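Numbered by my numbering, the letters in the sequence shown go through residues 1 to 442 in order.
C-beta: ideal position from N, C-alpha, C; glycine also.
No experiment lies behind these values; they were computed from the predicted model shown.
First up is the structure itself, then whatever we jot down about it.
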Amino acid sequence: MRLTIVGTGYVGLVTGTCFAEMGNNVTCVDIDEKKIENLKNGIIPIYEPGLEAMVKRNVANGTLHFHTQLKDCLENCDMAFIAVGTPMGEDGSADLQYVLQVAKEIGQHMTTPLIVVDKSTVPVGTADKVRATIQKELKKRNEDITFHVVSNPEFLKEGDALGDFMKPDRVVVGTEDKETAEKMRRLYAPFFRSSMDRMLVMDVRSAEMTKYVANAMLATKISFMNEVANICERVGADVNKVRIGIGSDSRIGYSFIYPGSGYGGSCFPKDVKALKKTAEQEGYDAQLLNAVEDVNDRQKFVIADKVIGHYGDDLEGKTFAVWGLSFKPGTDDMREAPSIYIIKKLTGLGAKVQAYDPKAIHEAQSFYLKNVPNVTYTKTKYEALQNADAMLLLTEWKEFRSPDFMEMKDTLMEPIIFDGRNQFDHTRLDELGFTYYQIGKK
């Protein structure tokens, strides 16, 4: 098929590249000329394992193209995917200005029948707004061109996005038009090999709602387990054992019940707020979602509070090594990362921070910790430990899982670890003489 993907951010670039990998002719469009020029030269704006190689391969094969003008890409196009950002507005709602601007341009320039696919995460009712915007522009042109608006939300985990797209758990398609649904089935058929049972066709509003509910559900599991962890500490229980005890129940499972420093990233915080706002606009008080958000906001400071509990609230003269800055491993994304809140709180009390992350240092230096004083960055995890009073583990990158504890002990001023991901074996660290703080264990 001939596809146009509008937006070369995380969702748009992964979507376009994976469709091209299956032999479709794909053009990714973005108004950022520098970004498009870089993509043509194989320079990827984000870190996602395997993405750079796949982009280069499909550009070389002639199945993936990059362009700055949407109007040039709509002629003879079968489907146009809207994959632009929907940033959170001041009131917590999703800002649809970029989505509707794309819809306006589609209405201004489309020349043949078209399927318009909302790939961006958008609130319920957005497809209606996109449809009305396109229709308005067609009317101005006195054109009567058939088009359909489909909701096709993405379910991509940063760090494993290619795997999620190439072998999806499910594909949700919202459309009431049978012919459009069949075309979407043909587009996604190569990703399902033997069975299309995992393609779920439903009405548009249900598809739009599904994306928000999925992320809100996962965020709820995370906040619930963090709440349990905080209770465990106070009653003398070990949340690591409690997690195993409940995860063995098939009705619960082990996914997303690991205690930690709270969720971050581009999706969970924004989508929980947006779903809350949707409920509010309909006169409903979403109390559970309010609690999920409140628990998560508090959880981001738990490790900093443990540091203060150990050293006191005057950290002048103290230096802390931080391992991990991104909100999760496998990505350089620092949006709403717990590390931001923890580092700002510690440096605000006079501490110095020596930080290391395999991929996110540039993001920290350029944006998220740009103006935060007393933060330096190191080239290796062990370099970050030099002259540090303690180490804080904030992201569970693989290279942090089996460190040389004896080298750590020899390098740190004192053998103290504050673990925001409960990654290490406390029994072994006790035997090695470490003071080891976890979440959910006294």
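**Message:** Spatial neighbours of residue 428 within its chain, please: C-beta separation below 8 Å, excluding the five flanking residues on both sides.
**Reply:** 405
**Prompt:** Start and end of the beta strand (DSSP E) containing residue 29?
**Reply:** 25-29
**Prompt:** Per the contact definition of three or more C-beta pairs closer than 8 Å, is the region 55-69 in contact with the region 166-181?
**Reply:** no
**Message:** Taking the beta carbon of residue 367 as the centre, do at least 16 other beta carbons fall within 10 Å, making it buried, or is it exposed?
**Reply:** Burial is judged here by how many other beta carbons sit within 10 angstroms of a residue's own beta carbon; residue 367 has fewer than 16 and is exposed.
**Request:** Count the CB pairs spanning the region 208-216 and the region 186-193 that are closer than 8 Å, and state whether there are at least three.
**Result:** no
**Prompt:** When burial is assigned at 16 or more other CB atoms within 10 Å of the CB, is residue 112 buried or exposed?
**Reply:** The C-beta of residue 112 has fewer than 16 other C-beta atoms within 10 Å across all chains shown, which makes the residue exposed.
**Under the three-state DSSP convention, the category residue 360 falls into** = coil
**Request:** Would you mind reading off the limits of the beta strand (DSSP E) that contains residue 393?
**Result:** Taken as a continuous stretch (DSSP letters only), the beta strand (DSSP E) holding residue 393 covers 390-393.
**Prompt:** Below 7 Å between beta carbons: does that hold for residue 419 and residue 319?
**Reply:** The answer is no: Cβ separation not under 7 Å.
**Request:** Select from 27, 289 and 340 the residue whose C-alpha is nearest the C-alpha of residue 73.
**Result:** 27
**Request:** Could you tell me whether the region 245-258 touches the region 295-303, using the rule of 3 or more Cβ pairs below 8 Å?
**Result:** No contact exists between the region 245-258 and the region 295-303.
**Message:** Check for me: the beta strand (DSSP E) holding residue 151 runs from which residue to which?
**Reply:** 147-151
**Item:** Simplified DSSP assignment, three categories, for residue 202
**Value:** strand
**Candidates 336, 317 and 327, of which the one nearest residue 353 by Cα** = 317
**Message:** Below 8 Å on the Cβ atoms is my contact criterion, and I expect residue 222 with residue 188 to pass it. Report the Cβ-Cβ distance as a whole number of Å.
**Reply:** The pair is not a contact, with the Cβ atoms about 29 Å apart (cut-off 8 Å).
**Prompt:** Using 8 Å as the threshold, is the region 132-146 in touch with the region 30-45, meaning 3 or more CB pairs across them?
**Reply:** no
**Prompt:** residue 180: buried (16+ other C-beta within 10 angstroms of its C-beta) or exposed?
**Reply:** buried
**Item:** Cβ-Cβ distance between residue 392 and residue 302 below 7 Å
**Value:** No. Outside cutoff.
**Contact set for residue 153: own chain, Cβ-Cβ below 6 Å, skip 5 residues either direction** = 172 and 211
**Message:** Here's the rule I'm using: 16 or more other beta-carbon atoms within 10 Å means buried, otherwise exposed. How should residue 47 be labelled?
**Reply:** buried
**Asked** For residue 116, which beta-bridge partners are listed by DSSP?
**Response** 80 and 149
**Asked** Are residue 245 and residue 442 touching if we call contact CB-CB under 7 Å?
**Response** no
**Asked** Cβ atoms of residue 358 and residue 397: under 7 Å apart, would you say?
**Response** yes
**Asked** Going by the CB atoms, is the gap between residue 411 and residue 385 shorter than 7 Å?
**Response** yes
**Counted within 10 angstroms of its Cβ, other Cβ atoms place residue 371 as buried (16 or more) or exposed** = exposed
**Inter-residue Cα distance where the pair is residue 314 and residue 413** = 18 Å
**Prompt:** Just checking my contact of residue 339 with residue 350 at CB under 8 Å: how many whole Å lie between their CB atoms?
**Reply:** Rounded, the Cβ-Cβ distance is 18 Å, inconsistent with contact.
**Request:** May I ask you to report which of helix, strand or coil DSSP gives residue 419?
**Result:** strand
**Asked** Under three-state DSSP, which class holds residue 237?
**Response** coil
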